[in-house]
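Residues 1 to 412 in the UniProt record's numbering are what the sequence shown spells out, letter by letter.
Where a beta carbon is used, it is the ideal one built from N, C-alpha and C, also for glycine.
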Amino acid sequence: MMHDANPQAELKAGAVWTGMDAAFYASGYTVGGKRPLVIVEPDSSANLSDVAAVIAQGLADHPTLLGVLGPFADISMMAALNSDVVKENHLVLLAPFTGSSTVRVWNPHAYFIRAEPFAELKVIMSYVFNTLRAKRIAFMYLKKAYYGDAEYHEVQGMLSRLERDPAVVYSVKYSATDSAVDRAAFDAMADTHPQVVIVWGIPDQQTFEFARALMLDPRTSSAAIMGCFDLQPTLYEAYANVTAGEGSSKHDYQIFTSATSRTPTDDNTNVTHMALFYKEIINYIVHSGRSTYSLLDGSSSSDALSSSADLLRAAKAFFIRNSVTAQQMVVGWLAGKVIQRTLERVDWIADRATYQTGLFDQNRFIIGGDAVFGDYGGTCDAFAAKMGAMCNCNQGGHAAVLARFVNESVWT
């Protein structure tokens, strides 16, 4: 279910899936007991916007289905969690890609691997307070979208506890058809001349238009624009659109997002899991025959890359050219590595109920030596909790970092 009915979101989902599939490819598509790993794709005629129906059809066609990869996006996630097909069949949604804290609640049918949005928000606010030292802060989110509301209240709470002025808010109702900026609401926000604008709108045309307005309006064009990881493509597209026209204002070093993993363009050689990522993603792109990407710009073949050094240089150049895609691949790859580890437990994969129980059996996973996920834990009694058990926890990742937009194309 790493798919989305929205064509723009589908591109992001495809990058996440590439990373995930690279992890499975590295295992030879085998699981515990040397059983084959079979990945079932939705039927080409399926209505991807009806995620519950897609899952139900997959289960009907494949009764031994063990779990669901994804889904992608908050609205799809909520639809899946609320569906009878998931709740009644011990199905677990593995590594759903979401951007809001609203859906990040304890549920034995959800297995989150990325750090929660509040972790992303904290790294943003730390930079706002300690580095930018901004006093005038604005916050943008869209109502009725499972997105941004919880983060808005968290920001206001942080500011209140620090006895700071509350953030000025731009908030309008989400619309899939009307993307126009609400000028009255925008002017009210822009007239305060914010030094920082935190953008937490659903990654869609409305948020794109708002970001464009920020960059074009003289009252806000000098503000630092800060968003969550899910908004990297949206903010980049807004920047590219604005700077393609006349009289544009460059925003390098003024556009930031949080991220839940290191970027492949990071030169920090102490991050050992990135070396493993490079090895496996290169092998996947070059040899699997399943990748839609090429390491060579404008070429569908990597035959010209004759050595491992050539491949590494080509991969680094590819990730610089496609830095948003690169980070999404890392997210997918880390998720795939964790899922692969769960599938290697022979005693877990007998059936869906056993697998669901195993997933929450006080588990921690270390990928590549330094990427840590867990502890995962299910329902437990008060004594077990007192003795240190992790109870009702389906959140795996805990780390978030800040990425900045530089050189008109690269997130680093």
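Alpha carbon of residue i to alpha carbon of residue j, nearest angstrom
| i | j | result |
| --- | --- | --- |
| TYR127 | VAL324 | 21 Å |
| GLU163 | MET20 | 44 Å |
| ASN407 | PHE139 | 26 Å |
| TYR174 | LYS144 | 6 Å |
| ALA223 | ALA211 | 11 Å |
| ILE198 | LEU214 | 11 Å |
| CYS380 | ALA389 | 8 Å |
| HIS3 | ARG290 | 16 Å |
| TYR111 | LEU94 | 5 Å |
| GLU232 | LEU121 | Per the sequence presented here, residue 232 reads as Gln, with Glu not at that position. Each residue's alpha carbon lies about 14 Å from the other. |
| GLN57 | ASN47 | 11 Å |
| ARG161 | VAL31 | 49 Å |
| GLU209 | ASP149 | 19 Å |
| ILE281 | VAL401 | 22 Å |
| GLY14 | GLN8 | 10 Å |
| SER300 | ALA167 | A caution first: SER300 carries a pLDDT of 44, below 50, which makes its placement in the model unreliable, though a value can still be read off. Distance between the alpha carbons of SER300 and ALA167: 48 Å. |
| TYR278 | ALA384 | 40 Å |
| ARG35 | LEU359 | 19 Å |
| SER45 | LEU69 | 19 Å |
| ASP74 | SER83 | 14 Å |
| residue 426 | ASP182 | Residue 426 lies beyond the stretch modelled for the chain, which goes from 1 to 412, so this question has no answer here. |
| ALA240 | ASN283 | 31 Å |
| ALA185 | TYR29 | 52 Å |
| SER307 | SER288 | 18 Å |
| SER221 | ALA382 | 53 Å |
| ALA399 | ASP165 | 28 Å |
| ASN270 | ALA309 | 19 Å |
| ALA244 | ASN130 | 33 Å |
Beta-carbon gap between residue i and residue j smaller than 8 Å
| i | j | result |
| --- | --- | --- |
| ARG114 | VAL331 | yes |
| PRO203 | ASP178 | no |
| TYR152 | VAL169 | yes |
| ALA190 | ARG219 | yes |
| GLN362 | GLY377 | yes |
| PRO96 | PRO71 | yes |
| ALA403 | ALA259 | yes |
| THR357 | PHE319 | no |
| LEU159 | GLN206 | no |
| ILE367 | LYS337 | yes |
| SER76 | VAL51 | yes |
Contact set for residue i: own chain, Cβ-Cβ below 7 Å, skip 5 residues either direction
| i | result |
| --- | --- |
| GLN340 | ALA23, PHE24, SER27 |
| PRO117 | GLY99, SER100, SER101, ARG104, GLU151, CYS228 |
| HIS193 | ARG136, ARG219 |
| LEU216 | VAL242 |
| MET78 | VAL103, TYR146 |
| SER248 | Caution is warranted here: a pLDDT of 49 is assigned to SER248, below 50, making its placement in the model unreliable, and the coordinate value is therefore given only provisionally. The residues are VAL242. |
| GLY397 | ILE113, ARG114, ALA115, THR260, PHE373 |
| residue 479 | The structure shown does not extend to residue 479, since the chain spans only 1 to 412, so no value can be given for it. |
| ARG352 | LEU66, ASN89, HIS90, LEU91 |
Residues near residue i in its chain [Cβ-Cβ closer than 8 Å; skip 5 each side]
| i | result |
| --- | --- |
| TYR355 | LEU66, GLY67, HIS90, VAL92, THR342, TRP348, ILE349 |
| VAL16 | MET2, PHE72, PHE97, GLN328, MET329, VAL331, GLY332, ALA335 |
| residue 435 | Because the chain in this structure spans residues 1 to 412, residue 435 falls outside the shown range and cannot be described. |
| THR412 | THR263, THR265, ASP266, SER323, ALA403, ARG404, VAL406 |
| CYS391 | GLY377, GLY378, THR379, CYS380, ALA384, ALA385 |
Closest by C-alpha distance to residue i, when choosing among the options
| i | options | result |
| --- | --- | --- |
| residue 431 | ASN407, ARG183, MET189, VAL172 | This structure cannot speak to residue 431, because the chain is shown only from 1 to 412. |
| GLU344 | LYS12, LEU37, GLU209, ALA9 | LEU37 |
| GLN327 | MET390, MET387, LEU311, VAL410 | VAL410 |
| TRP333 | ALA52, ASP182, LEU276, ILE137 | LEU276 |
| THR257 | ALA335, ILE124, THR64 | ILE124 |
| residue 424 | THR272, ASP165, SER83, PHE210 | A question about residue 424 goes unanswered here, because the residues of the chain that appear run from 1 up to 412. |
| ASP267 | ALA60, VAL372, ARG313, ALA399 | ARG313 |
| THR292 | THR379, VAL372, GLY368, THR18 | THR18 |
| VAL155 | LYS34, ALA188, ALA119 | ALA119 |
| GLY374 | ARG364, GLY368, THR265 | ARG364 |
| LEU295 | ALA317, ALA309, MET274, SER288 | ALA317 |
| ASP315 | MET274, GLY33, TYR29 | Residue 315 is actually Ala in this sequence, not Asp. Of the listed residues, the one whose Cα sits closest to ALA315 is MET274. |
Chain-order list of residues whose beta-carbon lies under 6 Å from that of residue i (same chain, five-residue window excluded)
| i | result |
| --- | --- |
| ILE255 | ILE225, LEU235, PHE405 |
| ALA134 | VAL128, GLN195, VAL196 |
| ALA238 | PHE208, ALA211, ARG212 |
Inter-residue CB distance, residue i and residue j (contact presumed, cutoff 8 Å)
| i | j | result |
| --- | --- | --- |
| VAL86 | HIS109 | 5 Å |
| ASN107 | LEU132 | So it is not a contact: roughly 36 Å between Cβ atoms. |
Heavy atom of the ligand ZN within 7 Å of residue i beta-carbon
| i | result |
| --- | --- |
| ALA53 | Of ligands this structure carries none, so the ligand ZN is not represented either. |
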